[in-house]
Amino acid sequence: MVIMTTTSSLAFLPVLERIAEEMERTPGRGRPADYIPALAARDPRSFGMAVAELDGTVYGVGEWRQPFSAQSITKVFTLALDLAREGDELWEHVGREPSGNPFNSLVQLEYENGIPRNPFINAGALVVTDRLQTRTGDAAGELLAFLRAESGNPALDFDKEIAASETANGDRNAALAHFMASYRNIDNDVPVLLDQYFRQCSVAASCGDLALATTFLARHGIRSDGTRLLTRSQAKQVNAVMLTCGTYDAAGDFAYRVGLPGKSGVGGGIIAVVPGRCTLCVWSPGLDERGNSVAGVAALDRFTTLTGLSVF
Ligand code: DON
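Written out as C-alpha cells, the structure is:
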C-alpha cells in the first residue's frame, strides 16, 4: 500500500515501493524488545518507511502513518535541544566517542569517572536529559513541543502505558543515573530525571512524523519555520555523532552498510539523514541482538544502494 500526502517531489517513491516489496519477501525479522514488557507484543512483520524532503513533502510505504514507540530516537532531539541552549559546555559532561558496548551497559562509567562515552547510550542520554531538565524545568515537555512543531502533528503524545512499563522495569537506568550522580554528573533528583527520561522515550510517533521532525538536521540546523535551532557546525556535530554512535555497538556495521547518520530505538524505528537532501524513517519492531531493527537496517541499506545517496 502506498499513500502520499503532499505532491511536490516524491522522487524516491518508486524506490520505497521496491524496498517494501523486498522486505515483504524477507524471512527472519528479529524479535521485538521484551525487557520493556509493553513493547513485547508488537508484530515483527510490521513495516513502514517514509521520506521527508527539505520543503516538508513527506510520503511513504507500508505502515508509515502508524505510531510506534520512538524510544532512543528521541535522544537525537534532546541532544539538539540541549546543545542549542548550552553549546560546548555539554561536552564536558558527556563524550562523543563510540562505546563499542551495549546501549544500557554500565562497565565504562566507573573507569571513565562517571562521564558517559556519548549522548546516545542510555547513560549519555540521561546526562543530556538531566541538563535539559535543569535548563527548562520540563525536558520531556520541551521535546514533545519540538516534535509536534516539526512534524506538524499536534496529536503527538507520550504513551503512558509504555512509560509505566519502563518505570516498573527501570532498575538498570536507575543504576546508571545513581552511579553518575555519585560523580556529580547528574543535577536533578534521580526519580525526577527517570520520570522525564521514561516519558521522553515513550513518545508515540509515526515514520512520517519522525522523518519530518528530523529535517532540521538535513537543513543544517534550520527548523521547519525557517528559524535556526543549531549552528551549521552543531548540526554537523549531531549528524557525526549519529553516524559514529547512533546504532551502539553496531555503528561500524551501520556506517558500512548504510553510510548515513542514523539513530535507532528499541521500538524498531530508525531515523537517517541525507544532509542537504532528505531524511528517512523506517519502522519494523523485530530487533537484532544489539537492539536495532533487522528490517529497518536492511531497508536503509537498500535505499542507499539503490539511490547512490550516502555521505560517502
Ligand atoms: O532506556 C531504555 O532502555 C529505552 N527506553 C531506550 C533504549 C533504546 O531505544 C535503545 N535503542 N536501540
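Numbering (our numbering), first residue to last: -15 to 296. Think of the CB as a built atom: it goes at the ideal place given N, C-alpha and C, for glycine as much as any other residue.
Mind reading off the beta-carbon distance from residue i to residue j? Whole number of angstroms is fine, and I expect it under 8 Å.
i    : j     : result
V78  : P51   : In fact, because the Cβ distance is near 29 Å, the residues do not count as touching under 8 Å.
F287 : V(-1) : 6 Å
V266 : C191  : 7 Å
V242 : G275  : Contact doesn't hold; Cβ gap of about 16 Å is too wide.
A123 : L116  : 4 Å
I57  : I255  : 5 Å
G280 : G253  : 7 Å
I99  : S83   : The Cβ separation is near 12 Å, so there is no contact.
V278 : G14   : 4 Å
Helix, strand or coil, according to DSSP, for residue i in the structure here?
i     : result
R216  : helix
Y240  : helix
R26   : coil
D171  : coil
G44   : strand
T231  : coil
L264  : strand
R15   : strand
F31   : coil
I99   : coil
I254  : strand
L140  : coil
F(-4) : coil
G246  : strand
F87   : coil
L63   : helix
E37   : strand
Given 7 Å as the limit, tell me if residue i has its C-beta closer than that to any heavy atom belonging to ligand 1.
i    : result
F87  : yes
G275 : yes
E145 : no
Q55  : yes
N157 : yes
E150 : yes
G14  : no
N106 : yes
V60  : no
C265 : no
G249 : yes
C191 : no
C229 : no
C262 : no
Suppose the cutoff is 8 Å on Cβ atoms and the five residues either side in sequence are ignored; what does the same chain contact list for residue i look like?
i    : result
T215 : G205
V42  : T(-11), T(-10), A34, V35, A36, G192, A195 and L196
A133 : R207, S208 and D209
D171 : D114, R115, Q117 and T118
Could you pull out every residue in the same chain whose Cβ sits closer than 6 Å to the Cβ of residue i, ignoring the five residues on either side in sequence?
i   : result
D18 : A24
A22 : E145, I146 and S149
R69 : R119
R26 : P16 and P269
For residue i, which residues in the same chain have their Cβ closer than 7 Å to its Cβ, ignoring the five residues on either side in sequence?
i    : result
D173 : none
L63  : P103, V112 and V222
N153 : Y19, I20 and P21
A165 : V174
A219 : L201, H204 and G205
E96  : none
- Item | the stretch 63 to 79 touching the stretch 144 to 155, judged by at least three CB pairs closer than 8 Å | no
- Query: Does the count of Cβ pairs from the stretch 232 to 252 and the stretch 78 to 91 closer than 8 Å reach three?
  - Reply: yes
- Is the stretch 217 to 228 touching the stretch 152 to 165, taking contact as three or more C-beta pairs under 8 Å? no
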